[in-house]
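My numbering numbers the first residue of the sequence shown as 369 and each following residue consecutively.
Each remark here refers to the structure printed beneath this line.
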Amino acid sequence: MGILAVVNQKGGVGKTTVALGLASASMIRGRRSLVVDMDPQANATTGLGVFDAATTTDEVLAHDEPGAAAAAVRRSGWEPPVGHAPDLVPSSPRLAQREHQLATDPIGAQDRLEVALAGVADRYDDVIVDCPPSLGLLTVNALFAADRVLIVAEPAAWSLDGVEQILRNVRRIAERQHGRPEVAGIVVNRLGRTRDAGYWYQQLQETHGDLLLDPPITMRAALTEAAAQSQPIHLLRRDGASEAGDQFAALSRALDGDRSAPAVADLPQPHIDLSAAVGTAAAPLEH
């Protein structure tokens with residue numbers, strides 16, 4: 369999988385849920401994974417059962433040093449009966465201030481993470497970077513470090529706007545880095561059984577069908593509970609957990625495949641008709 373940045377400039381679409389689901393899938397598949405938490409909210413950190421990190425991404429980004437991330441790597445709190453528990457570069461709220469300090473570096477502000485992961489990422493089958501919901505310097509660092517980008521979309525109007533924004537910005541970075549990062553695809557998260565969700569999912573299929581990854585991740589209480597309990601979804605024992613785990617395992621395998629997305633520069637500029645969705649938000653899907 370290489371270094372995969374999990375992104376959307378809009379908040380509330382479930383990027384951390386997807387990052388943790390992929391880490392859980394890597395674990396069950398017997399792969400070694402590293403989760404890099406670049407969000408000052410540190411939800412991926414607590415979701416992986418780490419609450420007392422002494423060294424975090426804040427310290428990693430403080431120094432422009434190759435391999436600096438190695439000093440912050442620690443084992444997550446997950447305890448799988450088989451496979452390898454994910455490793456973690458944890459985050460903390462202090463990271464929000466680091467972003468402002470990075471802005472004072474006119475030369476190396478955007479690639480601190482790439483430099484810090486040098487020689488570290490190679491130790492893992494999968495490196496998953498959970499990004500904050502913005503296009504500040506923290507997300508830009510993740511995009512410069514990444515080999516590929518996974519865009520998380522919720523089937524809702526404003527989330528589609530976020531998809532368009534991040535595609536444009538990935539294109540700008542790729543143009544400066546000889547085509548890197550590539551777009552691994554778009555995963556639809558929190559797909560519910562409403563007319564509104566069905567409509568916006570159809571819009572994504574029509575606009576970005578070549579980029580959509582299967583399967584979409586359906587809305588399940590088990591995913592929220594797994595994060596709250598700091599447990600991997602594949603080891604949670606409750607209704608819906610097994611089905612959610614199967615979806616993330618399938619998504620993980622899809623990301624390992626040879627499926628190639630079209631170049632971001634070649635993507636069409638979509639026109640999204642909002643009028644058809646008016647008044648459909650609460651109505652259930654017809655069967």
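Cβ coordinates follow ideal geometry from the N, Cα and C atoms, glycine included.
As the structure is a prediction and not an experimental result, all values here were calculated from the model.
- Task: List the whole-angstrom C-beta distance separating residue 407 from residue 498, where the pair is believed to meet the contact cut-off of C-beta under 8 Å.
- Result: As a first step, residue 407 must be located in the sequence shown, where it is residue number 39. As a first step, residue 498 must be located in the sequence shown, where it is residue number 130. Contact flag correct, Cβ pair sits at about 6 Å.
- How big is the Cα-Cα spacing for residue 542 and residue 376? Residue 542 sits at position 174 when you count from the first residue of the sequence shown. Residue 376 sits at position 8 when you count from the first residue of the sequence shown. Put simply, the backbone Cα of residue 542 is about 17 Å away from that of residue 376.
- State buried or exposed for residue 577, treating a residue as buried only when at least 16 other CB atoms are found within 10 Å of its CB. Residue 577 sits at position 209 when you count from the first residue of the sequence shown. Note on residue 577: under 16 other CB atoms within 10 angstroms of its CB, so exposed under the neighbour-count rule.
- For residue 553, name the three-state secondary structure that DSSP assigns. Locating residue 553 in the sequence shown gives position 185, counting from the first residue. Reduced to three states, the DSSP call for residue 553 is strand.
- Message: Just verifying my parser: in three-state terms, what is the DSSP assignment at residue 453?
- Response: Indexing the sequence shown from 1 puts residue 453 at position 85. It is coil, neither helix nor strand.
- Roughly how many angstroms separate the alpha carbons of residue 379 and residue 531, rounded to a whole number? Residue numbering aside, residue 379 sits at position 11 when the sequence shown is read from its first letter. Residue numbering aside, residue 531 sits at position 163 when the sequence shown is read from its first letter. Taking C-alpha positions only, residue 379 is separated from residue 531 by approximately 12 Å.
- Query: Taking the alpha-carbon positions, what's the residue 506 to residue 587 distance?
  - Reply: For this step, residue 506 is matched to residue 138 along the sequence shown. For this step, residue 587 is matched to residue 219 along the sequence shown. Their backbone Cα atoms lie some 28 Å apart in a straight line.
- Message: Rounded to the nearest angstrom, what separates residue 382 and residue 524 at their Cα positions?
- Response: Residue 382 sits at position 14 when you count from the first residue of the sequence shown. Residue 524 sits at position 156 when you count from the first residue of the sequence shown. The alpha-carbon atoms of residue 382 and residue 524 are separated by roughly 13 Å.
- Task: Can you say whether residue 526 is buried or exposed, counting buried as having 16 or more other CB atoms within 10 angstroms of its CB?
- Result: On the sequence shown, residue 526 is found 158 positions in, with the first residue counted as 1. Residue burial annotation: residue 526 is exposed, with fewer than 16 other C-beta atoms found within 10 angstroms of its C-beta.
- Of the choices 484, 449, 423, whose alpha-carbon is the least far from that of residue 434? Walking along the sequence shown from the start, residue 434 turns up at place 66. Looking from the CA of residue 434, the closest CA among 484, 449, 423 belongs to 484.
- Query: So, helix, strand or coil for residue 372, using DSSP?
  - Reply: As a position in the sequence shown, residue 372 is number 4, starting the count at 1. Note: residue 372 maps to strand in three-state DSSP.
- Message: Which same chain residues end up closer than 7 Å to residue 443 when comparing Cβ atoms and leaving out the 5 residues on each side of it in sequence?
- Response: The residue given as residue 443 occupies position 75 in the sequence shown. 453, 455, listed in sequence order.
- Report yes or no: do the region 592 to 599 and the region 556 to 573 share at least 3 C-beta pairs separated by less than 8 Å? Cβ pair count under 8 Å is below three, so no.
- Query: Which class does residue 401 belong to by DSSP, given the choice of helix, strand or coil?
  - Reply: The residue labelled residue 401 in the question sits at position 33 within the sequence shown. Three-state result, residue 401: strand.
- Taking all protein chains shown into account, do 16 or more other C-beta atoms lie within 10 angstroms of the C-beta of residue 490, making it buried, or fewer, making it exposed? As a working note, residue 490 is residue 122 in the sequence shown. Exposed, since its Cβ has fewer than 16 Cβ neighbours within 10 Å.
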